[in-house]
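So the sequence lines, in the order shown, correspond to chains A and B. The first sequence begins at 1 in my numbering and counts up one residue at a time. The second sequence begins at 577 in my numbering and counts up one residue at a time.
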Amino acid sequence: MSTTIVETRQVPALKVENLVVDFKTKNGTVNAVRGVSFSVAPGEVLAVVGESGSGKTITSLTSMALLPSTARTSGVVEVDGHDVLNASASAMDAKRGNVVSMVFQEPMTALNPSMKVDKQVAEAILNHRGVSKAEAHARAVALLEKVGIPDPEVKARNYPHQLSGGQRQRVVIAIALACEPRLIIADEPTTALDVTVQAEILELLRNLVQETNTALLLITHNMGVVADLSDRVVVMNAGKIVETGTTVQVLTAPEQPYTRALLAAVPTLPEAQWDTVIAAERTKASFPEAEVKEIVAVDPVLDMRGICVDYASGGRKLRAVNDADLLINRGEIVGLVGESGSGKSTLGRAPLGLVPVTGGSITLFGGNALKASKRQIRTLRSRIGIIFQDPGGSLDPRMTVGDSIAEPLVMHGVDGRRPVRSVREARVAELLEAVRLPAANAQRYPHELSGGQRQRIGLARALALAPELLIADEPTSALDVSVQDEVLTLLLELQKEHGFGCLFISHDLAVVHSVSQRVTVMQHGNVIESGATSRVLQHPEASYTRHLLASVPSPNPIMQKRRREARFALLSSKDS
Amino acid sequence: MSTATLSRTAPPKSPAARAAHEFFSNKLAVIGVVIVVALMVFSFIGPLLYQTEQVSTNLMQADLKPGEDGHPLGTDGLGYDVLGRLMIAGRTSILVGLAAGVLATILGTLWGSVAGYLGGWVDATMMRIVDAGIAIPGIFLLLVISAIVRPSEWMMVLIIGAVSWLVPARLTRAEALSLKSRDYVLAIKATGGSNSRAILRHIIPNTIGTVVVNATFQVADAILLIAYVSFLGMGLQPPATDWGAMLTDGISSVYSGAWWLIFPAGIAIVLIVSAFNFIGDGLRDMFDVRGQS
């Protein structure tokens, strides 16, 4: 008896040895994973990090035997000592959700929208345990309580859409925990969540792993999440392992050049003066420096005052932006940050006439953008460039890249005339060169380009009319960190060269810190705090900003520990 | 990763070229194209090679069996050569079908994309008109109009077009609703682009998948509609004819065993309608693949 216990303890929750995964496609074989080996011990958190296409998700799907039928695998994958690669379909069905379970990225699509949450949790139990429905329900409620759902009895009878995003992800975690698995695979478990919610989910996962001794395989691209949660790290690139080690070692003293480059591309937040911030939060004091008037209109390209935006939905009015002020001077980059639903994108779209502005004033380049004639507005807007988040969606898939870039020229004319073909082509080549892309790309279609290249094309189009104001709405959120780094560097260079004012909208405080001189923080449609970037991010005055800053995980595990403690301290001072 | 490496090695290919490649790898669709082309050659070039009298009747030659007196498919009750008649009837069916299908598609696409893009009360008004139109059965409308005016070919095109643009209008509106919130359309609007530019250059080209697929079904439906109307005796004025009218003429001889008056026209209708449906299926698969990749 005693020997078996010792043996089971030594069996790793997941063992991967020399795993190779190929996909047969119409255009030949694609090697997704090329010889990967690692293991996860019970109670351990192993993070697999890498950029898109590194093979990290394929590796995790292999561990669940969820690969599509076009995949060919070789090597060894064992979950809790049982072979996965050669297991029969029915044997794997018995294991999935039972011995190994999965937490998905997008909680809204991972849950069945037409089924109450207790039923969904109970279903996971009934799949593998021969218990009565009443028992399964009782266990489901207990699980919901365990993952921190308030009022579990009441919330259990809710449908997924009645819960918040964070609560939904907690339900997904409860389902994963339902049969007390040996291993949980979490594929980007917090990527779809706001940072403050992310911090809560990370805390939950950390506590659960400690309590239940379950192994956690964490698949992510976010170095902050890695630093916060994992014990060991595997860095993957192009289907191979680049580096393995403890989290502290890999993130603070990486050995491989690839890891170093990857970490260097991660934008970091300056460490706030946590002691003084926490003390100020306790005494509800503000910092003396913050009293100084920081926002001065020098040569404003955009001046919005008291902006209100109301959406009508089903006869009711929904206030998306409430009495917001925003000022951008020529040659200045202003960051606009907030979580989803804060109204940051809505405020950014107000000067473009894309949202119904119901109050306030908008001054664009000195002209009143709300009272001007249609013709005047058209002229004013031709002096604005915009870039959007999704590099795939911001270019017309049926137009060549060259036509897309030339479109603003055709719309507004060059020197008051519709440009002839040669003028257009010359300007397109010039713009492509400006965004560091070969001119030959003008003939290509968006689907033939990578995400980073498409975002450069978006930038080239935005610059076509030499704008005086650039509005960038989450321009790098869909990109890998290294590509994000390139695009941000390019944006800064072009801004220096052309001197346009720029509104940079982002949910990522670290990115905003790396580009902007001033920053405005929004929450629930209100402007919470505005000021010089360094001041706001290091001596935040508003309680919300402080909380937000403490929620952003630092890619440095030691710093992250301090930040986590600061977050607790801020939360407890809020409660007291 | 895989797509990135693949796209770098492949030469730049327009979406249209890729789509064509995808289409021609669908066997059924290729068969459809072959049938349509063959029937067009038969109907339009056939009469030049096989000349027959199709205007004045010749009762001396009436009701000949296939093969008799140099008539490969025999003759009908009025002495018209059936093979030659099949050719000129096909001309009407194919021409009217194509023209009506295309007319319905163009009208419907413009209507739907304008309604979807502009939204608000314009959309509400335009779509209520469509709803009202759909509430009236097309075949009923067609019969009433045919009863009032004995239609010419172009009249038929107009009437069929007028009853069948409603479905493409609804489809396009649904597409336009989702397309108008795409970033590239917003970008046009935000930087001072006109509505017509957004609709003509960005909305309509991107609905092309849905529109083209639907157009092939529209053509097939239009050919069937002409056949119905003619079969019910409300079609073209003799001696002009189409495949549906040939069927009506033949139906009276069904008990005398004159199969050659029914089968050729019937088979021709089945062939052309199936062929257009095959093409439509092929196009739909092709655009589906595009959507997934």
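Yeah, the Cβ is synthetic: ideal placement off N, Cα and C, and Gly gets one too.
Distance, residue j Cα to residue i Cα
i, j, result
"Ile558 (chain A)", "Pro351 (chain A)", "43 Å"
"Ala89 (chain A)", "Lys95 (chain A)", "10 Å"
"Asn78 (chain A)", "Ser101 (chain A)", "It should be pointed out that residue 78 (chain A) corresponds to Glu in this sequence rather than to Asn. The straight-line gap from Cα to Cα measures roughly 14 Å."
"Asn556 (chain A)", "Ala566 (chain A)", "15 Å"
"Lys146 (chain A)", "Asn213 (chain A)", "15 Å"
"Ile735 (chain B)", "Met636 (chain B)", "38 Å"
"Ser69 (chain A)", "His447 (chain A)", "26 Å"
"Ala134 (chain A)", "Ala110 (chain A)", "24 Å"
"Thr220 (chain A)", "Asp187 (chain A)", "6 Å"
"Ala791 (chain B)", "Ile682 (chain B)", "9 Å"
"Val321 (chain A)", "Ala312 (chain A)", "13 Å"
"Arg157 (chain A)", "Lys119 (chain A)", "8 Å"
"Ala675 (chain B)", "Gly714 (chain B)", "17 Å"
"Cys179 (chain A)", "Ala140 (chain A)", "11 Å"
"Tyr760 (chain B)", "Val678 (chain B)", "28 Å"
"Val131 (chain A)", "Leu336 (chain A)", "52 Å"
"Thr633 (chain B)", "Tyr831 (chain B)", "23 Å"
"Thr520 (chain A)", "His513 (chain A)", "11 Å"
"Asp323 (chain A)", "Asn526 (chain A)", "7 Å"
"Val117 (chain A)", "Tyr159 (chain A)", "6 Å"
6 Å Cβ shell around residue i - same chain, five flanking residues per side excluded
i, result
"Gln484 (chain A)", "Thr476"
"Arg749 (chain B)", "Gly688, Ala691 and Gly692"
"Gln868 (chain B)", "With a pLDDT of only 38 at Gln868 (chain B), under the threshold of 50, the placement of this residue in the model should not be trusted; the figure read from the coordinates follows. Once the five neighbours on either side are set aside, Gln868 (chain B) has no close Cβ partner at all."
"Leu370 (chain A)", "Ile362"
"Ala192 (chain A)", "Gln105 and Glu106"
"Phe863 (chain B)", "Gly785"
Same chain, Cβ closer than 7 Å to residue i, neighbours up to 5 away in sequence not counted
i, result
"Glu281 (chain A)", "Ser543, Arg546, Leu570 and Ser573"
"Thr259 (chain A)", "Val235, Val242, Glu243 and Val250"
"Ala745 (chain B)", "Gly684, Trp687, Gly688 and Val706"
"Asn127 (chain A)", "Gly97"
"Val333 (chain A)", "The sequence given here has Ile at residue 333 (chain A), not Val. These residues qualify, in order along the chain: Gln495, Cys502, Phe504, Val515, Ser516 and Gln517."
"Lys317 (chain A)", "Asp310"
Spatial neighbours of residue i in its chain, beta-carbon cut-off 8 Å, leaving aside the 5 residues before and after
i, result
"Met236 (chain A)", "Val36, Val48, Val49, Gly50, Ser54, Gly55, Lys56, Thr59 and Val242"
"Gln256 (chain A)", "Val235, Val242 and Glu243"
"Gln210 (chain A)", "Gly43"
"Glu291 (chain A)", "The pLDDT assigned to Glu291 (chain A) is 46, lower than 50, so where the model puts this residue is not dependable, and the model offers no usable value."
"Leu808 (chain B)", "Leu719 and Thr824"
"Ile721 (chain B)", "Pro727 and Ile735"
Contact check, residue i vs residue j, beta carbons under 9 Å
i, j, result
"Leu463 (chain A)", "Leu503 (chain A)", "no"
"Leu364 (chain A)", "Leu465 (chain A)", "no"
"Gly660 (chain B)", "Gln630 (chain B)", "yes"
"Thr651 (chain B)", "Leu640 (chain B)", "yes"
"Gly499 (chain A)", "Arg518 (chain A)", "no"
"Gly402 (chain A)", "Val428 (chain A)", "yes"
"Arg535 (chain A)", "Trp274 (chain A)", "no"
"Gly166 (chain A)", "Asp194 (chain A)", "yes"
"Ala796 (chain B)", "Asn853 (chain B)", "yes"
"Gln455 (chain A)", "Leu492 (chain A)", "no"
"Leu208 (chain A)", "Leu218 (chain A)", "no"
"Leu719 (chain B)", "Met822 (chain B)", "no"
"Ala272 (chain A)", "Pro553 (chain A)", "no"
"Ala426 (chain A)", "Thr400 (chain A)", "no"
"Gly367 (chain A)", "Gln376 (chain A)", "yes"
"Asp299 (chain A)", "Pro781 (chain B)", "no"
"Val103 (chain A)", "Ala176 (chain A)", "yes"
"Phe599 (chain B)", "Gly856 (chain B)", "no"
"Leu326 (chain A)", "Asp303 (chain A)", "yes"
Assumed close pair residue i, residue j - CB separation to whole angstroms, cut-off 8 Å
i, j, result
"Pro419 (chain A)", "Leu432 (chain A)", "No, Pro419 (chain A) and Leu432 (chain A) are not in contact; Cβ-Cβ is about 16 Å, not under 8 Å."
"Ile528 (chain A)", "Pro467 (chain A)", "With a Cβ gap of about 29 Å, Ile528 (chain A) and Pro467 (chain A) do not count as contacting."
"Thr783 (chain B)", "Ala752 (chain B)", "7 Å"
"Arg381 (chain A)", "Thr767 (chain B)", "5 Å"
"Gly348 (chain A)", "Gly306 (chain A)", "Actually they are not in contact, since the Cβ atoms of Gly348 (chain A) and Gly306 (chain A) sit about 16 Å apart, beyond 8 Å."
"Glu729 (chain B)", "Val672 (chain B)", "6 Å"
"Leu812 (chain B)", "Gly826 (chain B)", "Their Cβ separation, rounded to whole angstroms, is 16 Å, which puts Leu812 (chain B) and Gly826 (chain B) out of contact at 8 Å."
Contact test: residue i Cβ vs the ligand PLP heavy atom, cutoff 8 Å
i, result
"Asp508 (chain A)", "No copy of the ligand PLP occurs in the structure displayed, which carries no ligand at all."
Inset, instruction - Pick out the complete alpha helix (DSSP H) segments inside the segment 76-137 of chain A, 4 residues or longer, and give them in chain order. - result: 89-95, 107-110 and 117-128
Inset, instruction - For the segment 419-500 of chain A, list the alpha helix (DSSP H) runs that are entirely contained and at least 4 residues long, ordered along the chain. - result: 421-434, 451-463 and 481-498
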